[in-house]
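*Asks:* Questions regarding the structure given below will be posed in turn.
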C-alpha cells in the first residue's frame, strides 16, 4: 500500500476519533449545564465547559437546541435501559418499584429533560419506539406480577401509563417547590397496585387506541 495513502488513512481515523470525543464532551457538558440552568446556557457556554473551541461546537451542533435534543436522546436511552433492567427483575414487586423510579427520577432531577419533554415534540418514529419499549416493560412486569400474585389482576397496561402521566404532571407542577416530592407518592401508588388492595377498580381501563394518541398529543 502507498505510504501516503496509509498516512492519510491514519489521519482520517485520528480526525474521526477526535470528532467523536469532542461530540461526547459537548453532550456531557450540555447535560451538566442544562440540568443546572434549563435552556439558559448558550452553545458558547457549553463549548467552554467541554474544553473545546466554539467553532468545533458549532460544527457539531448548529445551535443549543440541536445539542439539547442530543442530550435528550442520550438521557432517554439511559432511562429506557434502566426501565428494561427493572422489567427483567425476578421479583415483580421490586421490579415495578424500580420501573417507576427509572422513569420518574430523570424527569425530576434533570431539568433540561423536563423542559424539552414539555416544550418539544419528539419525532414520531422516536416517540413510537420509546412508547413501544415502555409498553414492553409494563407488559413484562404485569405478567410476572400476576404469576407471582403480587400485582392486582384487574390492572391493565394503560392503567400504568395513566399513573405515569399523573406522576409526570406532579413533577411538572411541584418540582420547583420540592424536586423529590414525587418519591413521597410512589409508595401510595404502589400500595394501590398490590394484589391485596382492598377495593376493586371500577369502570373499564382505557384501550391502547384511546390512551396512546392522547399521551403523544399531550407532549406536543
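Numbering (the working numbering), first residue to last: 101 to 320. Beta carbons are placed, not taken as given, at the ideal position from N, Cα and C, and that holds for glycine.
Unbroken alpha helix (DSSP H) runs of length 4 or more, entirely within the segment 108 to 166: which are they?
*Replies:* The alpha helix (DSSP H) runs of length 4 or more contained entirely in the segment 108 to 166 are, from start to end of the chain, 143 to 150 and 154 to 160.
*Asks:* Excluding the 5 residues preceding and the 5 following residue 225 in the sequence, name in chain order all residues of the same chain whose CB lies nearer than 6 Å to its CB.
*Replies:* Locating residue 225 in the chain shown gives position 125, where the first residue counts as 1. Residue confidence is low: residue 225 scores 45 on pLDDT, short of 50, so the model does not pin down where it sits. No coordinate-derived value is stated.
*Asks:* What residue from 314, 255 and 268 has the CA that sits closest to residue 300's CA?
*Replies:* Stepping through the chain shown from its first residue, residue 300 is reached at position 200. Nearest neighbour of residue 300 by Cα position, chosen from 314, 255 and 268, turns out to be 255.
*Asks:* Start and end of the alpha helix (DSSP H) containing residue 290?
*Replies:* In the chain shown, the residue the question calls residue 290 occupies position 190. First-last of the alpha helix (DSSP H) with residue 290: 282 to 293.
*Asks:* On a CA-only basis, which of 159, 118 and 173 is nearest residue 229? Give me that one, please.
*Replies:* As a first step, residue 229 must be located in the chain shown, where it is residue number 129. Cα-wise, what sits closest to residue 229 is 173.
*Asks:* When the Cα of residue 260 is compared with those of 116, 149, 294 and 284, which residue comes out closest?
*Replies:* Start at 1 with the first residue of the chain shown, and residue 260 comes out as number 160. Of the candidates 116, 149, 294 and 284, the one whose C-alpha sits nearest the C-alpha of residue 260 is 294.
*Asks:* Between which two residues does the alpha helix (DSSP H) carrying residue 203 extend?
*Replies:* As a working note, residue 203 is residue 103 in the chain shown. Note, residue 203: alpha helix (DSSP H), 192 to 209.
*Asks:* Within the same chain, show all residues whose beta-carbon is closer than 7 Å to that of residue 203, passing over the 5 residues directly before and after it, in chain order.
*Replies:* Here residue 203 refers to the residue found at position 103 of the chain shown. Here the set comprises 179, 183 and 264.
*Asks:* Which residue from 283, 250, 147 and 198 puts its Cα closest to that of residue 181?
*Replies:* Within the chain shown, numbered from 1, the residue matching residue 181 stands at position 81. Ranking 283, 250, 147 and 198 by Cα distance to residue 181 puts 198 first.
*Asks:* Please report the straight-line C-alpha distance between residue 146 and residue 274, rounded to a whole angstrom.
*Replies:* Within the chain shown, residue 146 is the residue found at index 46, counting from 1. Within the chain shown, residue 274 is the residue found at index 174, counting from 1. C-alpha separation (whole angstroms): 28 Å.
*Asks:* Is it buried or exposed for residue 122, if we count other Cβ within 10 angstroms and need 16 for buried?
*Replies:* Along the chain shown, one-based indexing puts residue 122 at 22. Answer is buried; the Cβ neighbour count reaches 16.
*Asks:* Since residue 196 and residue 167 should fall inside the 8 Å C-beta cutoff, what is the C-beta to C-beta distance between them, to a whole number of angstroms?
*Replies:* Your numbering for residue 196 matches position 96 in the chain shown. Your numbering for residue 167 matches position 67 in the chain shown. Not a contact, Cβ separation roughly 34 Å.
*Asks:* Would you report the Cα separation of residue 194 and residue 120, rounded to the nearest angstrom?
*Replies:* For the purposes of this step, residue 194 is identified with residue 94 of the chain shown, where counting begins at 1. For the purposes of this step, residue 120 is identified with residue 20 of the chain shown, where counting begins at 1. Between residue 194 and residue 120, the C-alpha separation is close to 38 Å.
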